[in-house]
Structures are given as C-alpha cells and as structure tokens.
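Structure first, commentary second.
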Amino acid sequence: DVKVTQSSRYLVKRTGEKVFLECVQDMDHENMFWYRQDPGLGLRLIYFSYDVKMKEKGDIPEGYSVSREKKERFSLILESASTNQTSMYLCASRGTSGSYEQYFGPGTRLTVT
Amino acid sequence: RKEVEQDPGPFNVPEGATVAFNCTYSNSASQSFFWYRQDCRKEPKLLMSVYSSGNEDGRFTAQLNRASQYISLLIRDSKLSDSATYLCVVNRNDYKLSFGAGTTVTVRA
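Just so you know, the protein sequences line up as chains A and B, in that order. For the working numbering, count along the first sequence from 1 and bump the result up by 263. For the working numbering, count along the second sequence from 1 and bump the result up by 924.
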C-alpha cells in the first residue's frame, strides 16, 4: 500500500511566523504535490515537483515555497504566515507509469492567528 | 469560470436508493477523468477512473459525455457507508489535475 505521511495533523501558528509542512512518501514516486483545500473551492495546487530538486509553481504559489532534497520528501514553507493561509494542506504523490492517480496524505489543518 | 463544476448537494437519500449527480468541465482537451471519494476529515481517495465507454464498479457507474463535457456518477442500492463527498477530477496535463469542490451525499437509515 502506498503511504503518504504528513508531519502534523493540526498546527496553530501566529501571523508572521515561518511554517514548515513536511510530507514523506514510501513508494519511490517521482511526482509530489502540495494542495490546499478550502470549503467551496476544492483542492487548489500550490506547487509540485516532478523530480528531486525540481519544482514548478501551481495555481496559487504566492506566499509559499517548497523544497525537495530527497525523492521521498517534499516540504512546503510559508515564509511569513498570514491569516488567509489558514486552510487544510494536502500532500500527494504519483508515479510516472500507468494512471494519473494521486495518493494523498492525511492533511494538515493549519490555523494562523 | 471554474475548470470543474459540481452541484455541492447535499443529496440526502434513504438506504437502498439510487443517487446520481454530474460534474461539468471546461477544458475540451482533457483526456483523463476520475471520481475521488473524501470522507469527513479524511484525505481524498480514488473511487474510479472514468472511461469513454462508461464503466461500472459494483454499485457505482461512471459515464463520460465528451460532447457536452460532463461526467456522471450513479450509486445504486446506497449504503450508509456511501456517505461522503465525491470529487470530480479532470487531468489538465501530465502533472496537473483539476478538482471540483465536491458533491456531498448523505445516506440515511
């Protein structure tokens, strides 16, 4: 079974703090993704990585950066957290053969106060 | 215009009923289509891929209408465990997927 884990289920941070969200997958997948999910808006892609040290902006990259130093780990960084970044953050991974199916981690509910 | 639009529901149905709902997508070049299921406070999981000819997986039937750019999901003989949010998903290119906001289904005893 594919397993994608995220470092925290719940996180509370203050405005202006630097926030690190970590994601680890154990299936040797090349592609990894960070999404945020907000009510009524669906999942929106923040950044993705198609290989180690490679990254590309998604649809809403402003205020975020990412790091992928190892194949199994993909980190999302909020340089200076703001209240409008309060959301559910979901990490996903996908192999490059076969279907487009993405496997998701359990999510991190981030609250910025 | 959103890339994928869904009726948010909720669809509230009794056990044993049939429930069906659609989603529409805007990118006519999309090639792959999926339904994901998301339980409350859980991550999305693939329910089924949707093929041009339509496909069935047990009590679930998915249909694709390319001409009208919509995808449907039908659930027969609903179970309490079918209560979830169903996400319509369409690929944009090799890496990116577009997700609808989801249709909530509640099956009551």
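Every residue, glycine too, gets a C-beta built ideally from N, C-alpha and C.
{"Item": "Does the distance from the C-beta atom of E364 of chain A to that of L970 of chain B stay below 8 Å?", "Value": "yes"}
{"Item": "Is there a C-beta anywhere in chain B that falls below 8 Å from the one on S362 of chain A?", "Value": "yes"}
{"Item": "If we ignore side chains and look at the alpha-carbon of each, how far apart do P324 of chain A and L373 of chain A end up?", "Value": "17 Å"}
{"Item": "Beta-carbon separation of S391 of chain A and V375 of chain A under 8 Å?", "Value": "Lying outside 264 to 376, the shown extent of chain A, residue 391 of chain A is not represented and no answer is given."}
{"Item": "With DSSP collapsed to three states, give me the class of T346 of chain A.", "Value": "helix"}
{"Item": "Assign S330 of chain A to one of three DSSP states: helix, strand, or coil.", "Value": "strand"}
{"Item": "Where are the beta strand (DSSP E) runs, 3 residues long or more, that stay fully inside the segment 280-323 of chain A, in chain order?", "Value": "282-288, 294-301, 305-314, 317-320"}
{"Item": "For S328 of chain A and I340 of chain A, I'd like the C-alpha separation in whole angstroms.", "Value": "5 Å"}
{"Item": "Against chain B, does P324 of chain A count as a neighbour if the rule is that its beta carbon must be under 8 Å from one of theirs?", "Value": "no"}
{"Item": "Within 10 Å of its beta-carbon, does L304 of chain A have 16 or more other beta-carbons around it, so buried, or fewer, so exposed?", "Value": "exposed"}
{"Item": "What is the DSSP secondary structure of D1006 of chain B, counted as helix, strand or coil?", "Value": "helix"}
{"Item": "Where do the ends of the beta strand (DSSP E) carrying Q955 of chain B lie?", "Value": "No beta strand (DSSP E) holds Q955 of chain B; DSSP gives it neither H nor E."}
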